[in-house]
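*Asks:* First the structure, then my questions, so here it is.
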Amino acid sequence: MNTSAANGPNLPTASGGGKVARITAVTSGKGGVGKTFLSANLAAALARQGQRVLVLDADLGLANLDVVLNLFPKITLHDVFTGRHTLEEAIVPAPGGFHVLLAGSGMVEYSRLTPEVRELLVGVVNRVKPRFDRIILDTGAGISDVVLYTVSLADEALVVTTPEPTALTDAYATIKVLATTQGRRDLRLLVNQVTRPGDGRIIRGQLQQVVDRYVSPGLDSPVKLEFLGEVATDKTVREAVSRRQLLLDAFPGAPAAQGVVAAATRLNS
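According to this note's numbering, the sequence shown holds residues 86 to 354 in order.
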């Protein structure tokens, strides 16, 4: 990646021609579905496809992207918000060939969507957009005001779920809220921890049926769920997490890794 002293040691230079990053919000109704793990590995896969990628840890207060990547940040988003450090200082290279902007854990003051938090978030996003091809917003779980506002800053929303019934119920709730409050009619779906090949596409079909019946009739146009892919239940995932390594680095040939790469390719198309 090209860098310049004027932009700090870690921040890529702006793209020519006024091009700005495509922003993807990775979100989920339920916690524990692998959202942060997938955000990091999707970023690595996109970087391998030649994109300049930034993952912004937008799970303010319960951030764990640093744990997944085995990073020990000295400067976080909190320091940028408070003015103690610059944005350029806070953006750091991550394993996998992409960059990250990490949030600090326990940021209680940012758990509510105040006008200040809105201004700080949109300010950071606008400043990094010219520097990257793709920005992944790793949001918190659920449908809090902070999560929904973060998703609203993205060009597209990627909903992550697992086949577990509670995860599917919460994914449906997230889809419904994004459709009704943000006017989103095209949402992407990634199904994690699939035990049988093809189950992800079946789950997408089931969710689409429920959305067609209970959400779309009250809207100006129907909501469409684009199936981005499925990631297999795979013992190598747990091993990579335990090692605090990217799956794509530790076990690139594993079924789960192949699923992530395929999803990244569709995301990039």
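Each residue gets a CB set at the ideal place from its N, CA and C atoms; glycine is no exception.
1) Could you compute how far the alpha carbon of THR109 sits from the alpha carbon of GLU174?
2) Can you find a C-beta in chain B that's less than 8 Å from the C-beta of VAL236?
3) Three-state secondary structure (DSSP) at GLY285?
4) What is the DSSP secondary structure of PRO340, counted as helix, strand or coil?
5) Just to confirm my understanding: we take PRO340, look at its own chain, exclude 5 residues before and 5 after, and list those with CB closer than 7 Å. What are they?
6) Specify, as a first and last residue, the run of the beta strand (DSSP E) that VAL279 falls within.
7) Measure the C-alpha to C-alpha separation of ILE221 and GLY303 and round it to an integer number of angstroms.
8) Assign THR266 to one of two classes, buried (16 or more other C-beta atoms within 10 Å of its C-beta) or exposed (fewer than that).
9) Starting from the C-beta of ALA239, find all residues in its chain whose C-beta is less than 7 Å away, skip the five residues before and the five after it, and write them out in chain order.
10) Quick check on DSSP: helix, strand or coil for PRO200?
11) Report, in whole angstroms, the separation of the C-beta atoms of LEU272 and LEU310, which I expect to be a contact under 8 Å.
12) Touch check for the region 339 to 354 and the region 126 to 137: three-plus C-beta pairs under 8 Å?
13) Which first and last residues belong to the alpha helix (DSSP H) in which ARG137 is found?
14) With DSSP as the reference, label ILE260 as helix, strand or coil.
15) Evaluate contact between the region 140 to 155 and the region 244 to 253, counting only Cβ atoms and requiring at least three cross-stretch pairs below 8 Å.
16) Go ahead and label GLN204 buried or exposed: buried means 16 or more other beta carbons lie within 10 angstroms of its beta carbon, across all protein chains shown.
17) Under a three-way DSSP split, which group does LYS309 fall into?
18) What runs of the alpha helix (DSSP H), each 4 residues or longer, lie entirely inside the region 137 to 184?
19) From the DSSP output, read off the bridge partner residues of ALA349.
20) Taking the beta carbon of GLY344 as the centre, do at least 16 other beta carbons fall within 10 Å, making it buried, or is it exposed?
21) From this set, ILE228, ALA226, TYR234 and THR199, which residue's C-alpha is nearest VAL210's C-alpha?
22) Going by DSSP, name the residue or residues bridged to GLU241.
23) Using the rule of at least 16 other Cβ atoms within 10 Å of the residue's Cβ for burial, across every protein chain shown, is GLY314 buried or exposed?
24) What residues match up with ASP223 in a beta bridge as DSSP calls it?
25) Kindly indicate which three-state DSSP category GLU315 falls into: helix, strand or coil?
26) Quick one: what does DSSP say THR246 is sitting in, helix, strand or coil?
27) Classify THR112 as buried or exposed, calling it buried when 16 or more other Cβ atoms lie within 10 Å of its own Cβ.
*Replies:* So, from the data block:
1) On the sequence shown, residue 109 is found 24 positions in, with the first residue counted as 1. On the sequence shown, residue 174 is found 89 positions in, with the first residue counted as 1. One C-alpha to the other measures close to 23 Å.
2) Absent from the structure is chain B; it holds one protein chain and no more.
3) As a first step, residue 285 must be located in the sequence shown, where it is residue number 200. If DSSP states are grouped into helix, strand and coil, GLY285 belongs with the helices.
4) In the sequence shown, residue 340 corresponds to position 255, counting from 1. In the structure shown, PRO340 sits in a helix (DSSP, three-state: H, G or I).
5) Numbered from 1 along the sequence shown, position 255 holds the residue referred to as residue 340. If we look at PRO340 and ignore the five residues flanking it on each side, its Cβ neighbours are ALA317 and ASP319.
6) The residue you call residue 279 lines up with position 194 of the sequence shown. Segment 271 to 279, the beta strand (DSSP E) holding VAL279.
7) The count along the sequence shown starts at 1 and reaches residue 221 at position 136. The count along the sequence shown starts at 1 and reaches residue 303 at position 218. Cα to Cα, the separation comes out at about 30 Å.
8) Counted from its first residue, the sequence shown places residue 266 at position 181. Exposed.
9) By one-based count along the sequence shown, residue 239 stands at place 154. Answer for ALA239: ILE108, THR109, ALA110 and LEU222, listed in chain order.
10) Counting from one through the sequence shown, the residue named residue 200 turns up at place 115. Correct three-state label for PRO200: helix.
11) Counting from one through the sequence shown, the residue named residue 272 turns up at place 187. Counting from one through the sequence shown, the residue named residue 310 turns up at place 225. That pair is a contact at about 6 Å.
12) yes
13) For this step, residue 137 is matched to residue 52 along the sequence shown. Here ARG137 belongs to no alpha helix (DSSP H), and DSSP marks it neither H nor E.
14) Taking the sequence shown and counting its residues from 1, the one referred to as residue 260 is at position 175. Helix.
15) no
16) One-based indexing of the sequence shown puts residue 204 at position 119. The question names Gln, but residue 204 in the sequence shown is Glu. Exposed, by the Cβ-count rule.
17) Translated into the one-based positions of the sequence shown, residue 309 becomes position 224. If DSSP states are grouped into helix, strand and coil, LYS309 belongs with the strands.
18) 150 to 153, 162 to 167 and 172 to 175
19) Here the question's residue 349 lines up with position 264 in the sequence shown. Beta bridge pairing from DSSP links ALA349 with no other residue.
20) On the sequence shown, position 259 is the one that residue 344 refers to. Counting other Cβ atoms within 10 Å of its Cβ, GLY344 reaches 16 or more and is therefore classed as buried.
21) Residue numbering aside, residue 210 sits at position 125 when the sequence shown is read from its first letter. It is TYR234 whose Cα lies nearest to the Cα of VAL210.
22) As a position in the sequence shown, residue 241 is number 156, starting the count at 1. Partner(s): THR109.
23) The residue given as residue 314 occupies position 229 in the sequence shown. Result: buried.
24) Here the question's residue 223 lines up with position 138 in the sequence shown. Its beta-bridge partners are VAL111 and ASP142.
25) The residue given as residue 315 occupies position 230 in the sequence shown. GLU315: strand per DSSP, three-state reduction.
26) The count along the sequence shown starts at 1 and reaches residue 246 at position 161. Strand.
27) Taking the sequence shown and counting its residues from 1, one reaches residue 112 at position 27. Burial call: buried.
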